[in-house]
Amino acid sequence: MIEGEGSIQSMFTRVASRYDLLNNLMSLGAHKRWRQAAVNMLRPRPGDLVVDVATGTGDMALLLAGRVGPEGGVVGVDFCPEMLAIARRKASSHPQGHICSFIEGNALGLDLPDDYADCVTIAFGLRNLTDIARGLGEMVRILKPGGKLLSLELSVPQPSWLQSYLMRGIPWLGRRFSSHPPAYEYLASSIFNHPPPEEIARLGKEAGLAAVDCHQLYGGLAVIHLGRKGS
């Protein structure tokens with residue numbers, strides 16, 4: 002069983018080399034459309050400084066870099082050096098990759114100053130935090146007053162066939178294509194164990210967001226939360 006921060010970090014270390022491949026297979030490429038939808042809702046402005054927490058292999062960070070442009074900046078934070086190495090390689094061939102910096106760090110204790118970023122994002126990382134309330138508190142802390150926090154996360158979908166896919170299909174793909182199948186058993190269970198969208202919205206407000214909007218995608222399989230820090 003994979004549980005606890007150290008075990009989760011070790012899991013991502015082991016799956017890093019095939020992480021992008023499995024993401025594409027398991028979502029049939031839909032994760033790219035979900036990220037795009039999230040960035041469209043966030044509406045970062047040219048020149049903004051954005052922090053992407055649990056940046057992984059950098060897909061969200063690079064998408065954001067294309068929006069904030071050369072006058073802006075993106076800081077990707079992750080606790081897995083192997084994931085960050087892949088993110089840096091991607092950035093080296095991306096038109097706006099030079100405005101991205103990738104740093105090793107923990108979402109539960111971000112080594113960034115208060116009131117630092119115009120926007121903070123976390124994509125498919127919130128359910129991996131061992132203390133979601135603390136993680137949200139850290140993300141709100143580094144936001145400037147009036148800044149926006151966006152979470153894109155997998156959730157338990159409404160259609161029963163999608164629930165069946167999560168419980169059975171994802172672990173099967175993990176056994177077939179991953180060198181570490183337990184990671185994908187964990188993925189399925191972590192979705193079902195993650196708090197429901199209304200609970201995440203409540204935690205966001207308790208962390209200091211003035212309002213939190215919730216948007217469901219693809220029958221509730223993916224959920225976007227978007228909130229703004231009070232001024």
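For the sequence shown, my numbering begins at 2 and goes up steadily by one.
Just so you know, even glycine gets a beta-carbon here, dropped at the ideal spot from N, CA and C.
Source: prediction; values computed, not measured.
When GLY48, GLU105 and PRO114 are compared, the shortest CA-CA separation from MET84 is found for GLU105.
In this structure GLN97 is buried. Its beta-carbon is surrounded by 16 or more other beta-carbon atoms within 10 angstroms.
Rounded to whole angstroms, the gap between the alpha carbons of ILE100 and TRP162 is 42 Å. Put simply, of LYS91, LEU155, TYR20 and VAL213 the residue whose alpha carbon is nearest the alpha carbon of SER190 is LEU155. By the neighbour-count definition (other C-beta atoms within 10 Å, threshold 16), ASN129 is a buried residue. Annotation for LEU144: the continuous beta strand (DSSP E) segment containing it runs 144-155. Distance from the Cα of ILE133 is smallest, within the candidate group LEU204, GLN10 and HIS32, for LEU204. Within its own chain, the residues whose Cβ lies closer than 8 Å to the Cβ of GLU199, once the five positions on either side in sequence are excluded, are CYS215, listed in chain order.
In this structure, the CA atom of PRO114 is about 43 Å from the CA atom of ARG177.
Under the DSSP assignment, ALA108 falls outside any alpha helix (DSSP H); it carries neither an H nor an E label.
A direct Cα-to-Cα measurement between GLY126 and LEU29 gives close to 19 Å. As DSSP reads the structure, HIS226 sits in a beta bridge with SER152 and CYS215.
Beyond the five residues adjoining it in sequence on each side, CYS81 comes within less than 7 Å, by CB distance, of GLN10, PHE13, THR14 and ALA17 in the same chain, given in chain order.
Each residue's CA atom was taken as its position, placing TYR117 and GLY138 some 14 Å apart. Per the C-alpha coordinates, the member of GLY175, ALA38 and ILE123 positioned closest to VAL75 is ILE123.
Per DSSP, ASP21 is one residue of the alpha helix (DSSP H) stretching across 20-28. Secondary structure of LEU50 (DSSP, three-state): strand. Residue pairing by DSSP places ILE123 opposite VAL54 and SER152 in a beta bridge.
The shortest CA-to-CA distance from ALA55 to any of ALA88, LEU43 and ARG46 is the one to ALA88. Annotation: the continuous alpha helix (DSSP H) that includes GLY175 extends over 171-178.
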